[in-house]
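Protein chains in written order, with my numbering: chain X, 5 to 433; chain S, 5 to 433; chain G, 5 to 433; chain V, 5 to 433.
Where a beta carbon is used, it is the ideal one built from N, C-alpha and C, also for glycine.
Protein chains: 4
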Amino acid sequence: MTRQIPETASLQAHFSAVRRQSVALCQPLRPEDYVVQPHPDVSPPKWHLGHVTWFFENFVLAEFVEGYVRFDERLNWFFNSYYESQGPRILRSSRGNMTRPELATVLAYREHVDAAVLELLGSDHPALDQISELIVLGIHHEQQHQELLVTDIKYILGTNPLYPAYGGAAAGAGPVEGRGTPAPAFHTIAGGLHTIGHRGPGFCWDNELGVHQVYLDDFQLAKSLVTNGEYLDFMADRGYERFELWQMEGIEWARGLDVKAPLYWNQDAEGNWFHYQLRGGLQVVDPAQPATHLSWYEADAFARWAGCRLPTEFEWEVACRQLDPEVHAGQNWSDAGQLHPQAPAKDESQLLGTVWEWTNSAYLPYPRYPRPEGALGEYNGKFMINQMVLRGGSCATPQSHIRPTYRNFFQADKRWQFTGLRLAKDAPL
Amino acid sequence: MTRQIPETASLQAHFSAVRRQSVALCQPLRPEDYVVQPHPDVSPPKWHLGHVTWFFENFVLAEFVEGYVRFDERLNWFFNSYYESQGPRILRSSRGNMTRPELATVLAYREHVDAAVLELLGSDHPALDQISELIVLGIHHEQQHQELLVTDIKYILGTNPLYPAYGGAAAGAGPVEGRGTPAPAFHTIAGGLHTIGHRGPGFCWDNELGVHQVYLDDFQLAKSLVTNGEYLDFMADRGYERFELWQMEGIEWARGLDVKAPLYWNQDAEGNWFHYQLRGGLQVVDPAQPATHLSWYEADAFARWAGCRLPTEFEWEVACRQLDPEVHAGQNWSDAGQLHPQAPAKDESQLLGTVWEWTNSAYLPYPRYPRPEGALGEYNGKFMINQMVLRGGSCATPQSHIRPTYRNFFQADKRWQFTGLRLAKDAPL
Amino acid sequence: MTRQIPETASLQAHFSAVRRQSVALCQPLRPEDYVVQPHPDVSPPKWHLGHVTWFFENFVLAEFVEGYVRFDERLNWFFNSYYESQGPRILRSSRGNMTRPELATVLAYREHVDAAVLELLGSDHPALDQISELIVLGIHHEQQHQELLVTDIKYILGTNPLYPAYGGAAAGAGPVEGRGTPAPAFHTIAGGLHTIGHRGPGFCWDNELGVHQVYLDDFQLAKSLVTNGEYLDFMADRGYERFELWQMEGIEWARGLDVKAPLYWNQDAEGNWFHYQLRGGLQVVDPAQPATHLSWYEADAFARWAGCRLPTEFEWEVACRQLDPEVHAGQNWSDAGQLHPQAPAKDESQLLGTVWEWTNSAYLPYPRYPRPEGALGEYNGKFMINQMVLRGGSCATPQSHIRPTYRNFFQADKRWQFTGLRLAKDAPL
Amino acid sequence: MTRQIPETASLQAHFSAVRRQSVALCQPLRPEDYVVQPHPDVSPPKWHLGHVTWFFENFVLAEFVEGYVRFDERLNWFFNSYYESQGPRILRSSRGNMTRPELATVLAYREHVDAAVLELLGSDHPALDQISELIVLGIHHEQQHQELLVTDIKYILGTNPLYPAYGGAAAGAGPVEGRGTPAPAFHTIAGGLHTIGHRGPGFCWDNELGVHQVYLDDFQLAKSLVTNGEYLDFMADRGYERFELWQMEGIEWARGLDVKAPLYWNQDAEGNWFHYQLRGGLQVVDPAQPATHLSWYEADAFARWAGCRLPTEFEWEVACRQLDPEVHAGQNWSDAGQLHPQAPAKDESQLLGTVWEWTNSAYLPYPRYPRPEGALGEYNGKFMINQMVLRGGSCATPQSHIRPTYRNFFQADKRWQFTGLRLAKDAPL
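Listed below in structure tokens is the structure:
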């Protein structure tokens, strides 16, 4: 989906940097941490390192390099994620049973593929443009898996009763003072006809295309994300028990799993709330920080409790273009390394970075959405049912991977990503 | 959600007619047929007869009639469907275990409540307007259950290996001749800003409100429903096996349940396809009839196979207003009594009646949707996640119950309703 | 397994009487009660009535009557229970979904088969001896299903929140006085070599054969069954929580299903215990009556709590031959019609009748057990794993069906039969 | 259950040797292999190493060493297996999600506990006799886990599509020649009264006690184990499809899991059978080797197919005392290091070692079985329901751990242990 093909040298450098970053993210791990799958949604870090490599080998090297010999044919079966077109593959829920190929083999596989890709990029292959486009795609694919690496590592460590820190120290929590009821300030955004979708030369996914117009009523969007303090108020107000705040499917989800707080939250005997953070391990919940690890069900119920609603993805995109249109380093991306949502500097909108913001839009194709043919048509286009759109990126997203039109999507019960919310409401008539 | 309150006498007559119709729909049943629940989605006919009665007793009589004595307090527990606000209730999947209250008791319950409602409507109760509004609501609620009665009875009889007919004879099937590939004719509908939602004085559900504008591109909509013949072509072209036609969730659904044809279809040893119909029992599949008992997954895959897509609910509503805006007796409603989709008369669009048409719109609230307070807020508003919208009504829908703005909704795997599809595509640029 | 073939006239009369009794047991039912299957172990009464009839048609009439025309070929599929050798059959858990064949058809099926059987028995068929033997087998098979009819009807009515009585009045409960700790009196039975298994000319099942010798140590067996009063003491002593009293599988069963009392027991707000009885519906638990509806897990835990153990089936049989060897009408059989365990007359041992007594013997073949060839080999011989033996018959067993060597068997978690226990212990050395 | 307390020095040496052996068994593993749990029955090797250590710390050091400081209090939660009396513990099925404590920590834990145990044994503690008895118990406990280590490692490696060898080479497979139908030679063993259970001063488990007499008829026992060749004949004779050979529960197990061969068997495109072995990885199935990795269901069906039956545990014990009463190094124990069943030397009976032999005896207490009080009562006594007895030990059992009276037990569907069978039949009358 690239439009603009970068220079070879620049592409080689970017490729190498992103590839190194995946391995760097795993540096704090112990060998044991690379292997397990404590939840079907969570893949072993070792698997991520292999899968993103298979992507380059399978879709680039095996396709374009004459006589290319795969590192090990048998790895296809392990590292194909869900591509029906690419043959049989391991059952997803069995990834965590596979102790082999071992980490050392996966790292050797990475080096083998990296060398071949760099060599190919440096060659005068007649299809170099097409190859470069696929490499850019593979880089973005690997960046998506870098975010998953962070969240999957968090799940592996954060559900272990020893609560081992991933390394580093947590940013200091502010004083636990009066929370106050949620009284957020709102921007008012003018409605009318707005253009939605990715334009311009940069990279985007297929699901951002089908640029089209959407008519919106005037609406209001909160100036800040919902905080832990506000969420604690919701909990204290029996938010998890009051069915009238919930979708029926949501309250049945909460009851069935006995959910009474965000993921990774624990209460001690005195009633204090702690949550696991990658930096520093178990920490007191800071009421000033943005709330995260919420399912759509919880976000939706919180919004109703607050007398508001979630924005649609169209409202969000329009507001983002107006309020926070540029990705820059001052936002809370994974590049900053804190890997946890931080209370913003004064007057920062945080639409980009910090947490993925649940919207009340189902993940559906845009008008004239071009579902690609072949394997890449399996990338985004076959998941367009029963998922909800999230916008904005998070503290685990690489800065170079994101933009205001980016559409992330998850099922309504998922909350191991850095997911949060921002309130919206209709403008007064 | 009524706007216009009917005259008392007219309301009494309408109430009585609808109440009689529920019992009449069950006349062809044997006593055994009233009791069972062969699938969690299917409720016993006896339960439907009781539940719709409880609705009137609980929300009208118990609320407004001074000193009203319930027929039997214990029936609340049996006949509350899902209203959290109305107290504990039987586990939905246990409805089919309850042999008592027996049918005779349920019928006596109906008579008791009917008499009290008619008396109340004939009184000079100071809240008569509000009461009348609730009675209209209850009538529409009962009509929804009449459609469920038809489809649940079909499931009970149609999954029995004796394939007992519900009574009556099937409309004659046309000759099984060449099917031809799908080459439907299309209407072209002009885009632009359109107003969506229910206006005017008649009854509507809350989910049709929040009248708002939607911007659409020009689009094309098939002049006719997809037929069995076209669907057989899809099957013959290995439609159920070609993953590239499906949403991933859809093909996993089909594989997991070994789905290879619409619900109620069976193939004999010679490869001929039969399907169960209420009238006449097992019948040869008529290629000229509209296809039905399809899940959203199947409808979506068929549309992709045909090089088209499903319409959005907004496209459908706009087209319906232009092409087939009026509900009338010539359409294929339950009132006609055939209870099966029929091939249309020449040039009939069939947007209204015949089969519910799957759209590619998720069931979400309209802008400024007014989720009601109290029990009625549980009616539509708590199901607005992970369901898809269907439009137009079916051969099992009472004619007086429906309109072009009516939004039905089911999960993507459901297909025991009379569900089908109509192809759409983008207008050429 | 008959040895002694009865006279034709006597057999005809016995056949007719047993056949009438099955229908008579259903007389108190409403039509709705015949249809449902509220638990996979529970079959609809309509199914029982058909299945026992199929047994005669399939194994006798279709085999021995030249040119016999089945009542309806399609009924085989419905009424074959588990005989692999007899072709495909309905999934057991779907029996309760089948509203057809309706009750009237099943009753007509019974009459058709009864007439044909009686005619065959009155004929001079050359294989009359073999036929008579099969008819005796079929009678005993039907008597087993009569016991299941009683227990399945109890489940259908007793798990309905209306607690409808099956008819009749409960035997008066004695005064609820001090329960006392269990201090049962014991018989001491001499060990040594004992002969086990059925001898003599009467009917028995294959699993009672393989008469063999067993060496026993001296042992003690309680003079009476465990009572509700004693069981209430166990409950009051936190018997369901103390893991050291239980098999691990047992306490996990109790925890998983939140079992805290025998089946059919409910506690009111004041803490009084009630239980459902067929006669009279919900009744105060009478501490003097024998405890029933206990799983093996509960019986085993109770025995350990009481400082005792369950007897083996061999100990039980030896004791029964000495203490209560003859089946007679004074015992608590279904023929008495109370269909509930009764406190015994003074000095009555109750080894026969009242409740099935759990033993600590696994259901395994006796030495030289003759697993029959063909369909009858499927009767008892294919269930000889993971079941425990019960002895003695119950208040739901027909008197003419039982004897001291009779081996009943159920999985350790089953408790919808009239199951109870009698304590045993080793004789002092 | 020790009777004879060994000398301190000898006990210290034995303790150290067994402790070293657990770690030695893991030497061929890669770090990844220590962590996973590909089946709920399979524990991670890292968990085994920790659990056996916890056993010594918890039941010996924490009980008897004044002021003993645990290595890390938090490890109790990880390494308590199923002792309710010892407090809360990790859900069994979550063992494979725990990457921490890491292997290095577990090894340090082992060293800490080993040093403390050796010091305690060398002290003049007043309870040294009792301590020594517990240490002997702990050694046997660790040896049981050594067998589980072998079988769990086999599962981890043998279900990986790379089939990595554990190291070493497989013993050469003999030529694949004509298999012949099973025509085993039999010993005839005289019946009568026999004494069963462990006598003498050596160690035994509680479940071998309750020495008692059993009366047996004369019987015959095969001179050799069932071989792969014989089992291939059973398969070729449609053994997995012929329901009359099976217990109903067994054939439903086989159908439900699509079982058509022993565990670890795979067929290549030409129909050749291979199976995974620890030594050498995937190997051709050698028809001369004893069959293994069979469930009780399969063993039972095979025996019926062969016109025989399984022996009871009493028959087996009586025969073992006569034919193969002494444990010695020539038998196929884990000490030999092959870790796979081997075809025997001529005239070797193989009752001891090679494979565990399924019997047709349920695992029930012997008469006067002394279920111990406290935690040790949880060791064997709470598993005495729905398990079958196996006898004789296997190629994965340490030689010093076993004897002819040893009762192993597993559920009928388990087959990841080295389980096989030997045919029995009644002696001719």
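Among the residues of chain X, those whose CB is under 9 angstroms from the CB of N101 of chain V are V40, Q41, P42, H43, G100, I160, T163 and N164, following chain order. A Cβ of chain X is located within less than 8 angstroms of the beta carbon of H216 of chain S. In this structure, DSSP gives V288 of chain V an extended state, which the three-state scheme calls strand. When Cβ pairs closer than 8 angstroms are counted between the two stretches, the region 347-357 of chain S is seen to touch the region 397-407 of chain S, the count reaching three or more. Between L427 of chain S and C324 of chain S, the C-beta gap is not smaller than 8 angstroms, which leaves the two residues out of contact. Relative to E377 of chain V, the option among G:F247, G:Q421 and G:Q287 whose CA is nearest is G:F247. Contact fails between the region 208-216 of chain G and the region 304-318 of chain G, because fewer than three Cβ pairs, one in each stretch, are under 8 angstroms apart. Under DSSP, the beta-bridge partners assigned to T192 of chain G are G:Q224. If you draw a straight line from the Cα of F82 of chain S to the Cα of T231 of chain X, it is about 42 angstroms long. For F247 of chain V, the neighbours in chain G by C-beta distance under 7 angstroms run, in chain order, E88. Counting only Cβ-Cβ distances below 7 angstroms, N390 of chain V has contacts in chain G at E253, N390 and A416, in chain order. The residue among G:E317, G:V121 and G:N62 with its C-alpha nearest the C-alpha of R411 of chain G is G:E317.
Using beta-carbon distances, W362 of chain G does not count as an interface residue toward chain S, since no partner is under 8 angstroms. When only Cα atoms are considered, W250 of chain S and S26 of chain G end up about 53 angstroms apart. Shortest Cα-Cα distance from R372 of chain S to any of X:Y113, X:L380 and X:P432 involves X:P432. Between the region 163-178 of chain V and the region 50-68 of chain V there are fewer than three inter-stretch CB-CB distances shorter than 8 angstroms, so the stretches are not counted as touching. Contact between the region 218-226 of chain X and the region 190-208 of chain X is present: 3 or more CB-CB pairs across the two stretches fall below 8 angstroms. DSSP lists G:T231 as the beta-bridge partner residues of P294 of chain G.
In the displayed model, V331 of chain G falls within coil according to three-state DSSP, outside both helix and strand. E123 of chain S: member of the alpha helix (DSSP H) spanning L107 to L125, first to last residue. Here T423 of chain X is buried: its Cβ has 16 or more other Cβ atoms, across all protein chains shown, within 10 Å. Among the residues facing chain G, D221 of chain V is included, as its CB has a counterpart in that chain under 8 angstroms away.
In the DSSP secondary-structure assignment, Y219 of chain X is bridged to X:L197. For Q271 of chain V, DSSP records a beta bridge to V:W277. Rounded to the nearest whole angstrom, the C-alpha separation of A174 of chain V and S365 of chain X is 60 angstroms.
About 5 angstroms separates the Cβ atoms of L29 of chain G and L153 of chain G, confirming a contact at the 8 angstroms cut-off.
It is roughly 48 angstroms from the alpha-carbon of T57 of chain X to the alpha-carbon of L394 of chain V. Contact of A366 of chain V with chain G by beta-carbon distance below 7 angstroms involves A366 and L368. Contact between P369 of chain G and E36 of chain S does not hold, since the beta-carbon distance rounds to 41 angstroms and is not under 8 angstroms.
Listed in chain order, the non-local C-beta contacts of L314 of chain X below 7 angstroms within the same chain comprise A303, D304, A307, W362, T363, N364, L425 and A428, local neighbours out to five positions each way being set aside. Between the alpha carbons of F223 of chain G and Y383 of chain V lies a gap of roughly 26 angstroms. In this structure, the alpha-carbon of W209 of chain S lies about 27 angstroms from that of Y159 of chain S. Contact note: K386 of chain V reaches chain G through F247, E248, W250, Q251, M252, E253, G254 and I255, using a C-beta cutoff of 9 angstroms and chain order. With a beta-carbon spacing of about 21 angstroms, L343 of chain G and R407 of chain G fall beyond the 8 angstroms limit used to define contacts. Around the beta carbon of R78 of chain X, fewer than 16 other beta carbons lie within 10 angstroms, which makes this residue exposed. The C-alpha of L125 of chain S lies about 30 angstroms from the C-alpha of K386 of chain S.
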